[in-house]
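S.K.: Here it is, the structure in full.
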Amino acid sequence: MPEIQSLARYGQPTFEANLNLALLRADRIYKELENVQGSVLSHSSAIGRDYQLGANEYAAGGVTLGSSPVDLRSTMELERALMYSVRDTDLLSKLTGTMSFDRTRALRYFLDFLKHDDPNLTVNEVVDAKLARGFAFKARTLSNPIGTVIVPFKRDENNRIVPSVKTAEYESALDKLKNFMLTKSPNSALSADNTVVRIYSDHSKFRRDAAQISPDSGVTNTTMGINIPVYGTGGSQIVERPVEVRSSAIDLPPTDLGSMILLSDANIRKGTPDFGTVDDIVAETLIHEYAHSVHRTLGLRWGTDPKSDLEKAYAPAAAVSVSDYGDNAGIKEHFAETFAKFVITGEASDEFKQFLSDKVGLKDIDETSYEDYAPAIFRNREIARRFEEAVAKIPALNNRKFYLTHSGGRFNNSTPDQIAREYDLERGVRRTSDTISIAGSITDENNNLVVNILERNFTLRPDGSIYIYHAHLVVNDRYQGQGIGTDIIETSLELYRKIKEETGRKVQVGVYAHGPSGNGAYAWALKGYNWQDQEDFDKRDQAVRQLSSYYPLLKKYALAGSTSDFSASISELAAKYGISSLQAEKLQYLLQLIDQNGWQVNNELLNQIADILVMHTNNPSLVTPFKLASIGHRNKRTTDKTTSTLGRHIMQDIIRTWHGKIDI
Amino acid sequence: MSYFNDYQDLFLDFAKKNKLDDDILEWPQDLQDEFFDLAQELTKKVESEVIAQSKKPANEKYPEDFYTFTMIVDSPEGAKDVKVDVREMSIEELSDLCVQLPNYYSYYVDRLVESL
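Taken in sequence, the protein lines are chains C and U. According to the numbering used here, the first sequence is numbered sequentially starting from 1. According to the numbering used here, the second sequence is numbered sequentially starting from 665.
Pasting the structure below:
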């Protein structure tokens, strides 16, 4: 185990002393990274308002030392060794004690630390290295064509943490690209959610990553074009282009690699022929590279066989001169140059537009054709009218005049100008390029609030499916208990089913299951929503592992337990049940829950857990949120509805929050 | 229509029939229980269909190197390697290990099921 053995790097006489020192240093660096994360988050201009720090950056409970979190499953040997050592000396408890997160996350962070730490560097140097590597930002909306942008940071002369590249220019370039893709083909599969734009400010780091790239890697779904010549101090060109990239060169999980664009911010020069005829160098470079992802979807024969249909189809467009570079560097570069120029200036030959429309599937879409492919979506007034109609049919609102209006409080931070620009004030509809939000309240004829806030976001995803996010529904206290919420949901589902029928598209409803003390995590499970994405599956798996660790303890308790156990110490429990002190600690925790909530720990409960464990091994998709939430529903002594069950404990305390979906 | 759609219909029909809001945690306990029974019935029906369609070979074996690994043990003479075999672990020890090592989880479940 190189990482464990490399503990000797810390220069102490014994293994334990080295581990101790490493833990102390890990803790100190963790706290520094947490501060840095605060600064990065508060820097609103990092990559613009449509982006947020990527989930990977939080994976260890704070920022990670590496550029991607350590995958515990891929570092089994290291983990085993560490777990054993830590179990032996209880050092992990120290680490967990100094950090406010659980063992697994502490372990993950510590492994990440051991993997990346260089003891020869000072704490500040380690943190600065992380700043220079950059932070991953993900697009907020689900269907943004550009998935992740990695932005490096640095300390300025006043020791403030600031982005070290010209992020505003990249943001503007991404916007140009995004708008182009959405107007040409909102449902285009070309909108690569997984595209990663990695921006370098550090010349040598850019050079190092680029040097690892092999033209023969055979990786076809990963484009890295380096369109920017990188010059050494003597003026010699260092990096040729274009080239392919190995996923390992970028130090990002393969799932993040839809296509990859590396850009060096340090050496972009204006005026070389490579930048074509467009003045906007940043946009030209970025979009040129994205174009390589676009033409890659056309197949592998592109550019390799002059007699292929694709080559023949492109021949008329290729005859039109775009730039010195595009004209001389082959068909792929010609396409990329032409594409970039078209996106930025709107200028392109008819032949190129024809090719883009026929072969790539990017064609002009006008307002009237919107009606053809998504009648209920992306037309503000149409969707608002349909929604109003649907809500007006709600029986509980019978004979009441219905208004969909703004809930003023939501917009406290916006100026009236901003609200007017973003919202159709009459309708309470907000439209961004790919999402329509309907937000408002429902009042009766006397202007009494019936529904305080109702918000639904309709998004057309790049794969053509429609995603409807149920953001808020709060029925006014005075009107609760009349079934209004139920009616609204039922009417909404009816509308969504009609939309599905009319458009022939996949329709998915999503919710964020959260709430005070994890209540929402339990309640949405009872309402029959399913896990939405990988993050939710991971939580499910974690919950089942927790159940599996409860099982033997509950079984022992079912056989030999008594109420005197409720007040027993850990060592007493360990002695009575013949278990380790670690397990006795867990049993003590379970006994508290059993005592507080009056669970009956019997065969019925044990069989329910065993069923789920077996099911999880054989058919994990059957372990739905409801399945977990329903454990032990009948195993409580009291009938008080607020009393927790084992299922409720799992949802509220282990899962806590999740994203739910229903495929309509 | 999928299970989740059917579940939604069941949920909404039940709520409407009993004039309940969609906030299930606010429902009276007897109605919560009644709904639970209906929902579990639906769930079990779907589960039995899925399980029938996807029978897995029983007692799948794991590769030999899955069972053993080396741990580093700290001793008075310094750190040393010790071979460990998970097959010799008790269910409780294995359970402990599985919390941290997901790879052993399936094996643990197999052992657990055997011991039921």
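C-beta atoms are modelled at their ideal positions from N, C-alpha and C, and glycine is treated no differently.
1. For arginine 133 (chain C), which three-state DSSP category applies?
2. I'd like to check one pair, tyrosine 772 (chain U) with serine 754 (chain U): are the Cβ atoms closer than 8 Å?
3. Quick check on glutamate 728 (chain U): does DSSP put it in helix, strand or coil?
4. The beta strand (DSSP E) spanning phenylalanine 153 (chain C) covers which residue range?
5. Which chain U residues are close to tyrosine 551 (chain C), counting only those with a beta carbon under 7 Å from its beta carbon?
6. Using DSSP with H/G/I as helix, E/B as strand and the rest coil, what is lysine 556 (chain C)?
7. Kindly indicate which residue of C:Tyr550, C:Leu646 and C:Gly561 has the alpha-carbon position closest to the one of arginine 634 (chain C).
8. Using beta-carbon positions only, say whether valine 322 (chain C) and glutamate 311 (chain C) come within less than 8 Å of one another.
9. Just the C-alpha distance for alanine 420 (chain C) and valine 162 (chain C), rounded to the nearest angstrom, thanks.
10. Could you have a look at valine 710 (chain U) and say whether DSSP puts it in helix, strand or coil?
11. Please tell me whether glutamine 583 (chain C) has its Cβ less than 8 Å away from any Cβ of chain U.
12. Between C:Lys341, C:Phe352 and C:Gly330, which has its C-alpha nearest valine 320 (chain C)'s C-alpha?
13. What are the boundary residues of the alpha helix (DSSP H) that tryptophan 524 (chain C) is part of?
14. Could you name the residues that DSSP lists as bridge partners for tryptophan 531 (chain C)?
15. Looking at leucine 613 (chain C) and tyrosine 551 (chain C), is the spacing between their C-beta atoms short of 8 Å?
16. Whole angstroms is fine: what's the gap from valine 151 (chain C)'s alpha carbon to serine 172 (chain C)'s?
17. If we call anything under 8 Å between Cβ atoms a contact, is glutamine 546 (chain C) one with isoleucine 664 (chain C)?
18. Where arginine 540 (chain C) and lysine 708 (chain U) are concerned, what is the direct C-alpha to C-alpha distance, given to the nearest angstrom?
19. At which residues does the alpha helix (DSSP H) containing glutamine 592 (chain C) begin and terminate?
20. Given asparagine 580 (chain C), which residues of its chain have a CB within under 7 Å of its CB, disregarding the five upstream and five downstream residues?
21. So, are the CB atoms of threonine 732 (chain U) and valine 746 (chain U) less than 8 Å apart?
22. Taking the straight line between their C-alpha atoms, what separation do you get for aspartate 729 (chain U) and arginine 751 (chain U)?
23. My understanding is that isoleucine 331 (chain C) touches tyrosine 314 (chain C), with C-beta atoms under 8 Å, so please give their C-beta distance in whole angstroms.
24. What are the start and end residues of each continuous alpha helix (DSSP H) run of 4 or more residues lying completely inside the segment 463-507 of chain C, in chain order?
25. Whole-angstrom Cβ separation of proline 620 (chain C) and tyrosine 529 (chain C), contact assumed at under 8 Å?
26. With distances taken Cα to Cα, identify the nearest neighbour of glutamine 696 (chain U) among C:Phe153, C:Ala629, C:Lys661 and C:Leu622.
27. Chain U partners of glutamine 480 (chain C), CB-CB under 7 Å?
28. Counting along the chain, where does the alpha helix (DSSP H) carrying proline 625 (chain C) start and finish?
29. Report all residues from its chain with a CB closer than 6 Å to the CB of lysine 500 (chain C); omit the five preceding and five following residues, and keep chain order.
30. What separation, rounded to the nearest whole angstrom, lies between the Cα atoms of leucine 111 (chain C) and alanine 22 (chain C)?
31. Count the other CB atoms, across all protein chains shown, that sit within 10 Å of the CB of alanine 8 (chain C); report buried if there are 16 or more and exposed otherwise.
32. Quick check: what's the CA-CA separation for alanine 521 (chain C) versus arginine 198 (chain C)?
33. Can you give the beta carbon distance from valine 127 (chain C) to valine 36 (chain C), rounded, assuming they're within the 8 Å contact cut?
34. Pick helix, strand or coil for glycine 38 (chain C), following the three-state DSSP scheme.
35. Would you call histidine 472 (chain C) buried or exposed, if buried means 16 or more other Cβ atoms sit within 10 Å of its Cβ?
36. Starting from lysine 680 (chain U), follow its DSSP beta bridges and name the residues at the other end.
M.R.: Looking at the atomic coordinates:
1. Here residue 133 (chain C) corresponds to residue number 133 of the first sequence, with the count starting at 1. Looking at arginine 133 (chain C) - three-state DSSP - the assignment turns out to be helix.
2. Taking the second sequence and counting its residues from 1, the one referred to as residue 754 (chain U) is at position 90. Taking the second sequence and counting its residues from 1, the one referred to as residue 772 (chain U) is at position 108. No.
3. By 1-based counting over the second sequence, the position of residue 728 (chain U) is 64. If DSSP states are grouped into helix, strand and coil, glutamate 728 (chain U) belongs with the helices.
4. Sequence index remark: in the first sequence, residue 153 (chain C) carries index 153 (1-based). Unbroken beta strand (DSSP E) run through phenylalanine 153 (chain C): 153-155.
5. For this step, residue 551 (chain C) is matched to residue 551 along the first sequence. Going along chain U in sequence order, the residues near tyrosine 551 (chain C) (Cβ under 7 Å) are Leu776.
6. Sequence index remark: in the first sequence, residue 556 (chain C) carries index 556 (1-based). Residue state for lysine 556 (chain C) is assigned as helix, using DSSP reduced to three classes.
7. As a position in the first sequence, residue 634 (chain C) is number 634, starting the count at 1. Answer by Cα proximity: C:Leu646.
8. Counting from one through the first sequence, the residue named residue 322 (chain C) turns up at place 322. Counting from one through the first sequence, the residue named residue 311 (chain C) turns up at place 311. No, the Cβ-Cβ distance between valine 322 (chain C) and glutamate 311 (chain C) is not below 8 Å.
9. By 1-based counting over the first sequence, the position of residue 420 (chain C) is 420. By 1-based counting over the first sequence, the position of residue 162 (chain C) is 162. Residue confidence is low: alanine 420 (chain C) scores 35 on pLDDT, short of 50, so the model does not pin down where it sits. Its coordinate-derived value is still stated next. Between alanine 420 (chain C) and valine 162 (chain C), the C-alpha separation is close to 32 Å.
10. Position 46 of the second sequence, counting from 1, holds the residue named residue 710 (chain U). In the structure shown, valine 710 (chain U) sits in a helix (DSSP, three-state: H, G or I).
11. One-based indexing of the first sequence puts residue 583 (chain C) at position 583. Yes - at least one Cβ of chain U is within 8 Å of the one on glutamine 583 (chain C).
12. On the first sequence, residue 320 (chain C) is found 320 positions in, with the first residue counted as 1. Selected option, being the one with the closest Cα: C:Phe352.
13. On the first sequence, position 524 is the one that residue 524 (chain C) refers to. Where tryptophan 524 (chain C) is concerned, the enclosing alpha helix (DSSP H) stretches over 519-526.
14. Position 531 of the first sequence, counted from the first residue, corresponds to residue 531 (chain C). Tryptophan 531 (chain C) pairs with C:Gly660.
15. Here residue 551 (chain C) is taken as the residue at index 551 of the first sequence, counted from 1. Here residue 613 (chain C) is taken as the residue at index 613 of the first sequence, counted from 1. For the pair tyrosine 551 (chain C) and leucine 613 (chain C), the CB atoms are nearer than the 8 Å cut-off.
16. What you label residue 151 (chain C) is simply residue 151 of the first sequence in a count that begins at 1. What you label residue 172 (chain C) is simply residue 172 of the first sequence in a count that begins at 1. Per the coordinates, the alpha-carbon of valine 151 (chain C) lies some 15 Å from the alpha-carbon of serine 172 (chain C).
17. Residue 546 (chain C) sits at position 546 when you count from the first residue of the first sequence. Residue 664 (chain C) sits at position 664 when you count from the first residue of the first sequence. Against a cut-off of 8 Å, the Cβ pair of isoleucine 664 (chain C) and glutamine 546 (chain C) comes out as no contact.
18. Stepping through the first sequence from its first residue, residue 540 (chain C) is reached at position 540. Stepping through the second sequence from its first residue, residue 708 (chain U) is reached at position 44. Their Cα atoms are separated by approximately 19 Å.
19. On the first sequence, residue 592 (chain C) is found 592 positions in, with the first residue counted as 1. Secondary structure note for glutamine 592 (chain C): its alpha helix (DSSP H) is the uninterrupted segment 581-597.
20. Position 580 of the first sequence holds residue 580 (chain C). The sequence as given places serine at residue 580 (chain C); asparagine does not occur at that position. Answer for serine 580 (chain C): Ala574, listed in chain order.
21. Position 68 of the second sequence, counted from the start, is the residue given in the question as residue 732 (chain U). Position 82 of the second sequence, counted from the start, is the residue given in the question as residue 746 (chain U). In this structure, valine 746 (chain U) does not lie closer than 8 Å to threonine 732 (chain U) by Cβ.
22. Residue numbering aside, residue 729 (chain U) sits at position 65 when the second sequence is read from its first letter. Residue numbering aside, residue 751 (chain U) sits at position 87 when the second sequence is read from its first letter. Per the coordinates, the alpha-carbon of aspartate 729 (chain U) lies some 12 Å from the alpha-carbon of arginine 751 (chain U).
23. Residue numbering aside, residue 331 (chain C) sits at position 331 when the first sequence is read from its first letter. Residue numbering aside, residue 314 (chain C) sits at position 314 when the first sequence is read from its first letter. Their Cβ separation, rounded to whole angstroms, is 6 Å, which keeps isoleucine 331 (chain C) and tyrosine 314 (chain C) in contact under 8 Å.
24. For secondary structure counted as the alpha helix (DSSP H) over 4 or more consecutive residues, the segment 463-507 of chain C holds these complete runs in sequence order: 484-503.
25. To locate residue 620 (chain C), count along the first sequence from 1; it is residue 620. To locate residue 529 (chain C), count along the first sequence from 1; it is residue 529. By a beta-carbon distance limit of 8 Å, proline 620 (chain C) does not contact tyrosine 529 (chain C). Their separation comes to about 17 Å.
26. As a first step, residue 696 (chain U) is located in the second sequence; it is residue number 32 there, counting from the start. Nearest option by C-alpha distance: C:Ala629.
27. For the purposes of this step, residue 480 (chain C) is taken as the residue at position 480 of the first sequence. Against glutamine 480 (chain C), the close residues of chain U are Asp685, in the order they occur along the chain (beta-carbon pairs closer than 7 Å).
28. In the first sequence, residue 625 (chain C) corresponds to position 625, counting from 1. First-last of the alpha helix (DSSP H) with proline 625 (chain C): 625-629.
29. On the first sequence, residue 500 (chain C) is found 500 positions in, with the first residue counted as 1. Result list for lysine 500 (chain C): Val507 and Ile664, in chain order.
30. Along the first sequence, read from residue 1 onward, the residue named residue 111 (chain C) stands at position 111. Along the first sequence, read from residue 1 onward, the residue named residue 22 (chain C) stands at position 22. Cα to Cα, leucine 111 (chain C) sits roughly 11 Å from alanine 22 (chain C).
31. Here residue 8 (chain C) is taken as the residue at index 8 of the first sequence, counted from 1. So alanine 8 (chain C) ends up on the exposed side.
32. Numbered from its first residue, the first sequence carries residue 521 (chain C) at position 521. Numbered from its first residue, the first sequence carries residue 198 (chain C) at position 198. Their backbone Cα atoms lie some 36 Å apart in a straight line.
33. On the first sequence, residue 127 (chain C) is found 127 positions in, with the first residue counted as 1. On the first sequence, residue 36 (chain C) is found 36 positions in, with the first residue counted as 1. Yes, they are in contact, since the Cβ atoms of valine 127 (chain C) and valine 36 (chain C) sit about 6 Å apart, within 8 Å.
34. Within the first sequence, the letter at position 38 stands for residue 38 (chain C). DSSP places glycine 38 (chain C) in helix when its eight states are reduced to three.
35. Taking the first sequence and counting its residues from 1, the one referred to as residue 472 (chain C) is at position 472. Under a 10 Å Cβ-count criterion, histidine 472 (chain C) is classified as exposed, with fewer than 16 other Cβ atoms of the shown protein chains found around its own Cβ.
36. Locating residue 680 (chain U) in the second sequence gives position 16, where the first residue counts as 1. Beta-bridge pairing by DSSP links lysine 680 (chain U) to no other residue.
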